[in-house]
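Residue numbers (our numbering): 148 to 604.
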Ligand SMILES: Cc1cc2nc3c(=O)[nH]c(=O)nc-3n(C[C@H](O)[C@H](O)[C@H](O)COP(=O)(O)OP(=O)(O)OC[C@H]3O[C@@H](n4cnc5c(N)ncnc54)[C@H](O)[C@@H]3O)c2cc1C
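Laid out in structure tokens, this is it:
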């Protein structure tokens, strides 16, 4: 008799895991606590809600996010297929209409007879239940009761740190006379709106930003003293709030999220001094995300300061930037390469909670968890994704990272196996090296995939 699979979390990793396991003929119970109980960031009770940006990152060939997605497409990731089907124009990135994406995922779950949905909060984990494989995919905002249960089970503290989300503006309130459409270095289509700054405008903006009032940390955002000792309080670098970046130096923003390089303003024929980029949020193009403008200023302050951006003087903000909690386990000490808790192999961890960072990475992790759980439920030994692949590298990172400095990770080439020394010496061009890394990753991935699928038949 095959074991049942219990998936906790109807965000990104959970539905992907459930759909993958169901494909192998496994019976799956999928638990989602919304709408009974929500999180600080979710706004709907939909499956696969994207809580912030609508981007699943680069589609440029031979980049690391592209490679991850290519592997997922080859493996039949259901959520990625639905993301492709809900895509909106975003230059060389994959961005989706978030409502359409969630609707499609819900449809796929409803159409799968092997999945039973339970709309309830899970508060306990039974490590001794030998009849069930549990996939915990309750995300960075895992409910406190379940987080406490996980802490009890793993015996180690998992920690909260700060992350923040970007504001969204109403497209109809952008002054199109001041802004311009362009793709950086003319790469891809010109889908981004660019708000150009002169030096004087930039200086005024920076002065206002650095003294604007921030939201005080609430109690739930505080890291327990014992955790601070283990790992000092920090922001995840990829999601640093702009006011924090601004404080690091007067030019730091201009070389970061406000970088003007490659964005020629057709009105002047030159690059502006600095730029804020706006990315389309949905298919109707009626709202735009301020790219890289996550912050935790008070809402009134955000309105005042962000309206100093040329073109946004009269902008209506549909959502303001916000601060949020991020919960994840210490994967290097707790997790195997097949995403099972070392001490309780019947319990698996997937998605952001496992220490990967990002929408695509969370879906990828859910996909692997679903494949591994199906093998375990059917009495087979799951084979971890190959180290050469992007998926395998991401899991390898979270399970082998230096324990003291462990931080969640996006997929990057740094995580992939480097080329052999002799090849590295021969090939100086970084792009060519990346192309070769991608090529060999896909060969290894296809081999592993063929074996995994054959074993499940
Ligand atoms: C505010 C915020 C903004 C982010 N912005 C971005 C971004 O712009 N781009 C990006 O790539 N990544 C972003 N991330 C990181 C990450 O990619 C997302 O959090 C992603 O949704 C993680 O997927 P997941 O499936 O692991 O978790 P989630 O998508 O959060 O899914 C977990 C689900 O579990 C449910 N749940 C929690 N506890 C329980 C329980 N006890 N019982 C039952 N259900 C439970 C939750 O309601 C939720 O639906 C952001 C994260 C946060 C918190």
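Glycine is no exception: its CB is placed at the ideal position from the N, C-alpha and C atoms.
At which residues does the alpha helix (DSSP H) containing residue 547 begin and terminate? Position 400 of the chain shown holds residue 547. Looking at the DSSP string, the run of the alpha helix (DSSP H) that includes residue 547 is 537 to 547.
State buried or exposed for residue 492, treating a residue as buried only when at least 16 other CB atoms are found within 10 Å of its CB. The residue labelled residue 492 in the question sits at position 345 within the chain shown. With fewer than 16 other Cβ atoms within 10 Å, it is exposed.
Under the criterion of a Cβ to heavy atom distance below 7 Å, does residue 155 qualify as lining ligand 1? As a position in the chain shown, residue 155 is number 8, starting the count at 1. Because some heavy atom of ligand 1 lies under 7 Å away, the Cβ of residue 155 counts as near it: yes.
Compare the C-alpha of residue 270 against each of 285, 574, 603 and name the closest. Walking along the chain shown from the start, residue 270 turns up at place 123. Ranking the options by Cα distance to residue 270, first place goes to 285.
Where residue 167 falls: helix, strand or coil (DSSP): As a position in the chain shown, residue 167 is number 20, starting the count at 1. Correct three-state label for residue 167: helix.
Within this structure, are the beta carbons of residue 486 and residue 515 separated by less than 8 Å? As a working mapping, residue 486 is identified with position 339 in the chain shown. As a working mapping, residue 515 is identified with position 368 in the chain shown. Closer than 8 Å, so yes.
Taking the alpha carbon of residue 445 as the reference point, which residue from 461, 457, 469 has its own alpha carbon closest? Sequence index remark: in the chain shown, residue 445 carries index 298 (1-based). For the options 461, 457, 469, the alpha carbon positioned closest to that of residue 445 is the one of 469.
Flag this pair as touching only if the region 251 to 263 and the region 159 to 177 have three or more C-beta atom pairs under 8 Å; answer yes or no. When Cβ pairs closer than 8 Å are counted between the two stretches, the region 251 to 263 is seen to touch the region 159 to 177, the count reaching three or more.
Is the region 535 to 546 in contact with the region 187 to 202, if contact means three or more CB pairs nearer than 8 Å? no
Excluding the five sequence neighbours on either side, which residues of its own chain have a C-beta within less than 8 Å of the C-beta of residue 398, listed in chain order? Taking the first residue of the chain shown as 1, we reach residue 398 at position 251. So the list is empty, once near-sequence residues are dropped.
Going straight from the alpha carbon of residue 389 to that of residue 171, what length do you get? Walking along the chain shown from the start, residue 389 turns up at place 242. Walking along the chain shown from the start, residue 171 turns up at place 24. Distance between the alpha carbons of residue 389 and residue 171 is about 45 Å.
Go to residue 583, then tell me how far its beta strand (DSSP E) extends in each direction, as first and last residue. Working through the chain shown from its first residue, we reach residue 583 at position 436. Counting along the chain, residue 583 falls outside any beta strand (DSSP E), though it belongs to the alpha helix (DSSP H) covering 577 to 602.
Where residue 218 falls, given that 16 or more other Cβ within 10 Å makes a residue buried: Start at 1 with the first residue of the chain shown, and residue 218 comes out as number 71. Per the 10 Å Cβ criterion, buried.
List the residues that DSSP assigns as beta-bridge partners of residue 265. Taking the first residue of the chain shown as 1, we reach residue 265 at position 118. Bridge partners of residue 265: 178.
Quick check on the DSSP output: the beta strand (DSSP E) that includes residue 192 runs from which residue to which? Here residue 192 refers to the residue found at position 45 when the chain shown is read from its first residue. Per DSSP, residue 192 belongs to no beta strand (DSSP E) and is neither H nor E.
Check whether the Cβ atoms of residue 340 and residue 150 sit closer than 8 Å, and answer yes or no. Here residue 340 corresponds to residue number 193 of the chain shown, with the count starting at 1. Here residue 150 corresponds to residue number 3 of the chain shown, with the count starting at 1. No, these two residues do not count as a Cβ contact at 8 Å.
Could you tell me whether any non-hydrogen atom of ligand 1 is closer than 7 Å to the CB of residue 178? Reading the chain shown from its first residue, position 31 is the one you call residue 178. Yes, Cβ of residue 178 sits closer than 7 Å to a heavy atom of ligand 1.
Beta-carbon gap between residue 559 and residue 482 smaller than 8 Å: Stepping through the chain shown from its first residue, residue 559 is reached at position 412. Stepping through the chain shown from its first residue, residue 482 is reached at position 335. No; because the gap between Cβ atoms is not below 8 Å, this pair is not in contact.
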